[in-house]
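Heads up: the protein sequence lines correspond to chains A and B, in order. My numbering applies: residue 981 is where the first sequence begins, and numbers increase by one. My numbering applies: residue 116 is where the second sequence begins, and numbers increase by one.
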Amino acid sequence: MELHTIWFVLIAIFWVVFLVLEGFDFGVGMLHTIVAKTDTERRVALNTIGPWWDGNEVWLVIAGASMFAAFPGWYATMFSALYLALVLVLLALMARGVAFEFKGKRDSARWRTTWTWCTTLASLLIPLLLGIGLGDLLGGLPIDSSHEFTGNFFNLLTGYGLWTGVTLVALCLLHGATFLKLRTTDQVRERARALARPLGWAAIALIIGFVIWTRKVAGGADVPGPVEALAVIAVAFAARLASTDHDGWAFTASAVAIAATIGSIFIDLYPHLMISTTNTAYDLSVSNSASGHYALTVMTIVAVIFFPLVAIYQGWSFHVFRARVKAPPAPGDAPATLAPAPPTVGPSAPAGLSE
Amino acid sequence: MTNELARWQFATTSIYHFLFVPVTIGLAFLVALLQTAWHRNGEPEYKRLTKFFGTLLLINVAVGVVTGLVQEFEFGMNWSAYARFVGDVFGGPLAMESLAAFALESTFLGLWIFGWGRLPKRVHLACIWLVAFGSMLSALFILAANSWMQHPVGYVLNSHGQPELNNVWALFTNPTFLWGYVHVLLASLVTGSLVMLAVSAWHLRKGREVQAFHHTAQLALLVLLPAILVQMFVGNKLGEIEATYQPVKIAAAEAQWENCQPCSFSAFQVGGGKNDQTPTQLIAIPHLLSVLATGTFNGPVEGLNQLQKEDERKYGPGNYIPNVFIQYWSMRVMAYLGSLIALFALFGGWLIHKGTLDRSKWFLRLSLWAVVTPFVMNTAGWLLTENGRQPWIVQGLMKTINANSPSVTSTDIWISLVAFVAIYIALGAADLALMLRYGRKELEGDGDDSESGAAGSGATTIPALTY
Chain A
981 MELHTIWFVL IAIFWVVFLV LEGFDFGVGM LHTIVAKTDT ERRVALNTIG PWWDGNEVWL
1041 VIAGASMFAA FPGWYATMFS ALYLALVLVL LALMARGVAF EFKGKRDSAR WRTTWTWCTT
1101 LASLLIPLLL GIGLGDLLGG LPIDSSHEFT GNFFNLLTGY GLWTGVTLVA LCLLHGATFL
1161 KLRTTDQVRE RARALARPLG WAAIALIIGF VIWTRKVAGG ADVPGPVEAL AVIAVAFAAR
1221 LASTDHDGWA FTASAVAIAA TIGSIFIDLY PHLMISTTNT AYDLSVSNSA SGHYALTVMT
1281 IVAVIFFPLV AIYQGWSFHV FRARVKAPPA PGDAPATLAP APPTVGPSAP AGLSE
Chain B
116 MTNELARWQF ATTSIYHFLF VPVTIGLAFL VALLQTAWHR NGEPEYKRLT KFFGTLLLIN
176 VAVGVVTGLV QEFEFGMNWS AYARFVGDVF GGPLAMESLA AFALESTFLG LWIFGWGRLP
236 KRVHLACIWL VAFGSMLSAL FILAANSWMQ HPVGYVLNSH GQPELNNVWA LFTNPTFLWG
296 YVHVLLASLV TGSLVMLAVS AWHLRKGREV QAFHHTAQLA LLVLLPAILV QMFVGNKLGE
356 IEATYQPVKI AAAEAQWENC QPCSFSAFQV GGGKNDQTPT QLIAIPHLLS VLATGTFNGP
416 VEGLNQLQKE DERKYGPGNY IPNVFIQYWS MRVMAYLGSL IALFALFGGW LIHKGTLDRS
476 KWFLRLSLWA VVTPFVMNTA GWLLTENGRQ PWIVQGLMKT INANSPSVTS TDIWISLVAF
536 VAIYIALGAA DLALMLRYGR KELEGDGDDS ESGAAGSGAT TIPALTY
């Protein structure tokens, strides 16, 4: 396999890992005010992702920086084309990242409400906009012969891009619900279970629409490919399992659903990187946008060493904090009312999902 | 106009980002030292101090990390022509940074925050060291990338006239990088220790927890003193190296328009800009510039007018002289404040020797104000480095004027610039408020978290239920 193909695959994997991991963070961010009513419950909900969200977000930077290093042309065209969308993504990432750290640091209802809103809105906005951006890679944007974007912000809001964005939001919601169900107990867990069902149905409708639309956009066969089929099946499994006590399997299914959905975009894209709606001759491809052989060789060695290493220590971090998060007993409670954790079937921790 | 705006945005966002970076690097190292001390001596006081300064560290990391995301995206968003042109060389160190350093720092930070009482003590200690190491490693890759813009090495021009990496080792042995990286690390230690010293001094003045904060005041000084003294030497050496590879940068920093030999150092002057090339030098020290720039008593320094002519011959017509006012004063602000801090640190060292550090009213009061200086010095240092490279974005290879994104309009950049400035002001206010609040808090009791739910079985209660 040629080096630029290896790097295309690696970048696709980085995006998949990012959205599978940060996907449940987004879901928890969007859902935490719904599944948790009291301040304590909200803290429980947020602490399910507390030790991990920062490490999960790293994969976005890894994906972006890898595009810069391996396909400078792709990075340059995509990031300048998505300019205002990425400004919004950055504002949301900033507000959200700071919210996690700052929220509990002052005892004031208004302070907390402000950061709660930041978390919720940002967790919605980021997957929506990134979904639009990823959809546009395949759906096509006006790009000229020197690989420069010639449109404006509204050219980004294509039908296919929007549908991809909304689908990704729905998948993150479902993923967040299965994650919360896996990571909490009692009331919060029950509310997550109740939410997972309707979210599952919505996600099924959206993913089927996404696959049909992708078939039209990508050209080729009308029959969905194996990965697209897997996305639909995984969403169906996640929706079905969400109401059972198979917390681990439900979470696994929603993780597979996101991975297959994002993976299918990149599979349909290859060997292109961005489609030009102006002229097919102006498409960006792995061969016309890649770095030189030497640079790619160096980066391959770096990736071979560090990708598994990061996976190992992140996997260990998932393992360390695998236990369900539970509120401390209220001051008046007898300390001995520890209810046993609900029975779980299947993988009980997301540890294996760090790739 | 678009180019100007993109430059304003990059300057604003990177200067702001670098207010937080050195605090993170310096404080992470100091917190790791505190926790190591606790690990060794078992004194609960050190554990409380570790947690206290750990909280200050986290408040800073939050803003440092999110503003770093902007930097990472900005090359593609605002500088797509640059990214397309240099990505082959410049993208590598950034990708290495994300995989090798940023991931390490972020993952182990999460483990450290939530790992109190859940991880074995030794492993938990290793986590904070990995955070400190990761943040220093991050700076290494970023500085390697930046140094390549100052002094491009390890590349060949391909058939399209674009630089292509052909020797990655050269990026990391670039003399500009080696000295620049040490310079940044020492600046971070100076910044972190001055923050720790200021907080400790505030408590000592109030007479609260005197014993505990006496420890941290001493620790801060023990890091500060060698760091600032070595820094003066390293900064000087970096100046010599820049004088070799970027003579315009140093000549501009001295507002030296004509050739000279031997050269006197202008310590304070009025005028000296492009239209006023014979400034009134209020204080001039004979031979000092020769010594600083060349390391010899009578060394020659080329003037800007001669350098301009040489550059015109090499690169064609154009203005190759950066803004001299910024160069001259950022250099002096950095060097003068650095000297003051060195004296201040020596004063502190002498007080430690006398054993009166915790009672010296003057020193403690000065410490509260000294904490402002590293932020001014760090900003001045980057202004000197980056402004001094202009008009180039990559010295000798690409001009800044050609580097911005052709597809991004000035309206786009206005929107983003206003949005970033607004959110940065809000984040800065929140950060400052929290730093002041938590810096003045009393040390928390020695919360016994050693046995609450060892990793594993059943449900664990949440740590630090702050609300």
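Note that beta-carbon positions come from the ideal geometry of N, C-alpha and C, so glycine has one too.
Quiz item: Can you list the beta strand (DSSP E) stretches of 3 or more residues lying completely in the stretch 459 to 518 of chain B, in chain order?
Solution: Correct list: 507 to 509.
Quiz prompt | Unbroken beta strand (DSSP E) run spanning B/S381, endpoints | solution = If you look at B/S381, you'll find it in the beta strand (DSSP E) that goes F380 to V385.
Quiz item: With distances taken from CA atoms, which of B/V204, B/L547 and B/Q265 is nearest B/E501?
Solution: Nearest C-alpha to B/E501: B/Q265.
Quiz item: Short check: CB of B/Y360 to CB of B/T291, under 9 Å?
Solution: Yes, Cβ-Cβ distance for B/Y360 and B/T291 is below 9 Å.
Quiz item: Checking contacts by CB at 9 Å: is B/D473 closer than that to chain A?
Solution: Look at B/D473: its C-beta is not under 9 Å from any C-beta on chain A.
Quiz item: Quick one: what does DSSP say A/M1074 is sitting in, helix, strand or coil?
Solution: Reduced to three states, the DSSP call for A/M1074 is helix.
Quiz item: Are the beta-carbon atoms of B/A254 and B/V305 separated by less than 9 Å?
Solution: Contact flag unset, no.
Exercise. State the CB to CB distance for the pair A/I991 and A/A1043, rounded to an integer number of angstroms; the pair is presumed to be in contact (CB under 8 Å).
Key: Between the beta-carbon of A/I991 and that of A/A1043 there is about 6 Å, and that keeps the pair under the 8 Å contact cut.
Quiz prompt | Nearest candidate by alpha-carbon position, reference B/A544, set B/G207, B/N175, B/A327 and B/W317 | solution = From the listed residues B/G207, B/N175, B/A327 and B/W317, the smallest Cα separation to B/A544 is found for B/N175.
Exercise. Closer than 9 Å, Cβ to Cβ, to anything on chain A: give me those residues from the stretch 188 to 199 of chain B, in chain order.
Key: Residues passing the 9 Å Cβ filter: F188, E189, F190, G191, M192, N193, W194, S195, A196, Y197, A198 and R199.
Quiz item: Which residues of chain B have a Cβ atom closer than 8 Å to the Cβ of A/I1292, listed in chain order?
Solution: Here the premise fails: no neighbours, minimum Cβ distance about 10 Å.
Quiz item: In terms of DSSP beta bridges, what is A/H1299 paired with?
Solution: Paired residues: none, contrary to the question.
Quiz item: At what residues does the alpha helix (DSSP H) containing B/H330 begin and finish?
Solution: Per DSSP, B/H330 belongs to the alpha helix (DSSP H) from V325 to Y360.
Quiz item: Quick one: Cα of B/N438 to Cα of B/K429, how far?
Solution: Going from the Cα of B/N438 to the Cα of B/K429 covers about 21 Å.
Practice problem: Name the residue from B/R122, B/N289 and B/L337 whose alpha carbon lies nearest to the alpha carbon of B/L466. | Solution: B/L466 has its Cα closest to that of B/L337, out of B/R122, B/N289 and B/L337.
Practice problem: Classify A/M1254 as helix, strand or coil using the three-state DSSP reduction. | Solution: Assignment of A/M1254 by DSSP, reduced to helix, strand and coil, places it in the strand class.
Quiz item: Which chain B residues sit within Cβ distance under 7 Å of A/E1128?
Solution: Correct list: P521 and S522.
Quiz item: Can you name the residues of chain A whose CB is closer than 8 Å to the CB of B/A545?
Solution: Under the 8 Å cutoff, chain A gives V1078 and F1082.
Practice problem: Could you pull out every residue in the same chain whose Cβ sits closer than 7 Å to the Cβ of A/A1331, ignoring the five residues on either side in sequence? | Solution: Unreliable positioning characterises A/A1331 in this predicted model, as indicated by a pLDDT of 34, which lies under 50. The coordinate reading is nonetheless provided below. The beta carbon of A/A1331 lies closer than 7 Å to those of G1295, F1298, H1299 and R1302 in the same chain, with the five residues before and after it left out.
Quiz item: What does B/N118 reach in chain A if we use C-beta pairs closer than 9 Å?
Solution: For B/N118, none of the residues of chain A pass the 9 Å Cβ criterion, the least Cβ distance being about 14 Å.
Quiz item: For B/A586, which option in B/N519, B/M446 and B/G511 has the closest C-alpha, if you only look at C-alpha atoms?
Solution: The displayed coordinates of chain B run from 116 to 582. Any statement about residue 586 of chain B would go beyond what the structure contains.
Self-check item: Contact under 9 Å by Cβ, A/S1046 with A/A1283
Solution: Yes, the Cβ-Cβ distance between A/S1046 and A/A1283 is below 9 Å.
Self-check item: Where the beta strand (DSSP E) through B/Y270 begins and ends
Solution: Where B/Y270 is concerned, the enclosing beta strand (DSSP E) stretches over Y270 to L272.
Quiz item: Alpha carbon to alpha carbon, how far is B/V201 from B/S195?
Solution: When only Cα atoms are considered, B/V201 and B/S195 end up about 10 Å apart.
Exercise. Show which residues of chain B have a CB atom less than 7 Å away from the CB atom of A/S1046.
Key: Within chain B, the residues near A/S1046 are A210.
Practice problem: Could you tell me if B/L172 is buried or exposed, where buried requires 16 or more neighbouring beta carbons within 10 angstroms of its beta carbon? | Solution: If you draw a 10 Å sphere on the C-beta of B/L172, you find 16 or more other C-beta atoms in it, and that means buried.
Quiz item: Is B/M116 buried or exposed, if buried means 16 or more other CB atoms sit within 10 Å of its CB?
Solution: With fewer than 16 Cβ atoms within 10 Å of its Cβ, B/M116 is classed as exposed.
Self-check item: Where the alpha helix (DSSP H) containing B/L286 begins and where it ends
Solution: Per DSSP, the continuous alpha helix (DSSP H) segment holding B/L286 begins and ends at V283 to T288.
Quiz item: Which residues in the same chain have their Cβ closer than 6 Å to the Cβ of B/L542, if we skip the five residues on either side of it in sequence?
Solution: Its chain contains V178 as the residues whose beta carbon lies nearer than 6 Å to that of B/L542, once the 5 sequence neighbours on both sides are disregarded; these appear in chain order.
Quiz item: Are the beta-carbon atoms of A/W1095 and A/M1254 separated by less than 9 Å?
Solution: The criterion of a C-beta distance shorter than 9 Å is not satisfied by A/W1095 and A/M1254.
Practice problem: Measure from the C-beta of A/W1032 to each C-beta in chain B and report whether the shortest distance is under 9 Å. | Solution: Judged by the 9 Å Cβ criterion, A/W1032 is in contact with chain B.
Quiz item: When the Cα of B/Q442 is compared with those of B/S129, B/F412, B/A366 and B/F287, which residue comes out closest?
Solution: Between B/Q442 and the set B/S129, B/F412, B/A366 and B/F287, the nearest pair of CA atoms involves B/A366.
Quiz item: What is the residue span of the beta strand (DSSP E) that B/E279 lies within?
Solution: For B/E279, the uninterrupted beta strand (DSSP E) run begins and ends at P278 to L280, by DSSP.
Practice problem: Could you tell me whether the stretch 239 to 249 of chain B touches the stretch 137 to 150 of chain B, using the rule of 3 or more Cβ pairs below 8 Å? | Solution: Short answer: they touch.
Practice problem: Leaving out five residues on either side along the sequence, give the residues of the same chain with a beta carbon under 7 Å from the beta carbon of B/A316. | Solution: The residues A332, L479, S482 and L483, in chain order, have a CB closer than 7 Å to that of B/A316 in the same chain once the five nearest residues on each side in sequence are set aside.
Quiz item: Shorter than 9 Å from the beta carbon of A/T1057 to some beta carbon of chain B?
Solution: With 9 Å as the cut-off, A/T1057 counts as an interface residue toward chain B.
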